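J.:
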Amino acid sequence: MISRKEKIAPPEAPETLEAVERRAFLRWVSGMATTVSAVLISIPVLRAFVSPTLQAPAADAWVKVADDTALLDTGVPVRVDFVVSKDDAWIEARAMNSVWLYSEDGEKFKAYNGHCTHLGCGFTYNPASKTFICPCHRGEFDVKTGAVLAGPPPRALDELETQVRDSAVFVNFRDFRLGVAEKVEA
Ligand code: FES
0 MISRKEKIAP PEAPETLEAV ERRAFLRWVS GMATTVSAVL ISIPVLRAFV
50 SPTLQAPAAD AWVKVADDTA LLDTGVPVRV DFVVSKDDAW IEARAMNSVW
100 LYSEDGEKFK AYNGHCTHLG CGFTYNPASK TFICPCHRGE FDVKTGAVLA
150 GPPPRALDEL ETQVRDSAVF VNFRDFRLGV AEKVEA
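Shown next, in the form of structure tokens:
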């Protein structure tokens, strides 16, 4: 039973259309703010994760392989070893590489990537046969053209672009996929 002193709360007034619309608008603004915040936060995070893997192909990697063409033997290939730095996603890797440099006249140079095109072993020059020999599976290559003479290598040696600048020889070093017939950059 309700005592007389107790006050009875007046019945709630029905919401006006304006109040309903205002609440819907505020909900929409709140949702938009949340979405925009999520997008703004995720952009740098995504960029940090994705951009290293979407980097443009490596720029030309010209490596000086000889200081003076006059000091190089003609008709005999010479191996030049060097270190190449490579950014692989977040890690800067350093790798020892080599090229074989060959010239018949001391003016025009041929350079071959030092990895055998079969499985990537380093090959050597055999003065007796005047050919390149790969010790891993007895691959054999022509010095002048890089063509396969024997063994399992699926393609010729990978020839690289060369330039002579002020008597120094530069090679545009590249690595290619191994064990396939096509010369495809790795
Ligand atoms: S890696 Fe050179 S012949 Fe196999």
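Mapping of the sequence shown onto numbering that gives the first Met the number 0: residues 0 to 185, in sequence order. Think of the CB as a built atom: it goes at the ideal place given N, C-alpha and C, for glycine as much as any other residue. This structure is a prediction, so every number in the text was calculated from the model and none was measured.
Taking the straight line between their C-alpha atoms, what separation do you get for C133 and I90?
T.: Rounded to whole angstroms, C133 to I90 spans 31 Å at the Cα level.
J.: Take the Cβ of S50 as the centre, count every other Cβ of all protein chains shown within 10 Å, and call the residue buried at 16 or more, exposed below.
T.: Residue placement at S50 cannot be trusted, given a pLDDT of 49 that sits under 50; what the coordinates show is reported in the next sentence. Answer is exposed; the Cβ neighbour count stays below 16.
J.: Under 6 Å Cβ to Cβ from A146, same chain only, skipping five residues before and after it: list those, please.
T.: Cβ neighbours of A146 beyond the five flanking positions: A155.
J.: Within 6 Å: the Cβ of H117 and any heavy atom of the ligand FES?
T.: It does: the Cβ of H117 is within 6 Å (strictly closer) of some heavy atom of the ligand FES.
J.: Which term fits A65, buried or exposed, when burial requires 16 or more other beta carbons within 10 angstroms of its beta carbon?
T.: A65 is buried by the Cβ-count criterion.
J.: Just to confirm before moving on: does the CB-CB distance between F172 and A60 stay below 7 Å?
T.: Cβ atoms of F172 and A60: closer than 7 Å.
J.: From S36, L100, A92, N96, pick the residue whose C-alpha is nearest to that of D67; which is it?
T.: The shortest Cα separation from D67 among S36, L100, A92, N96 belongs to L100.
J.: Skipping 5 residues on each side, what residues in its chain have a beta carbon closer than 7 Å to that of A92?
T.: Closer than 7 Å at Cβ, skipping near neighbours: K85.
J.: By Cβ distance below 6 Å, which residues in the same chain neighbour K109 in space, the five residues on each side in sequence not counted?
T.: So the list reads Y101, once near-sequence residues are dropped.
J.: Does the separation of the CB atoms of G150 and E139 fall below 7 Å?
T.: Closer than 7 Å, so yes.
J.: With 16 other CB atoms within 10 Å as the buried threshold, where does L71 fall?
T.: Its Cβ being crowded by 16 or more others within 10 Å, L71 is buried.
J.: Run the proximity test for H136: is its beta-carbon closer than 6 Å to any non-hydrogen atom belonging to the ligand FES?
T.: Yes - the ligand FES has a heavy atom lying nearer than 6 Å to the Cβ of H136.
J.: Helix, strand or coil for W61 per DSSP?
T.: The answer is strand: DSSP assigns W61 an E or B state.
J.: Roughly how many whole angstroms lie between the Cα atoms of V75 and G178?
T.: Rounded to whole angstroms, V75 to G178 spans 27 Å at the Cα level.
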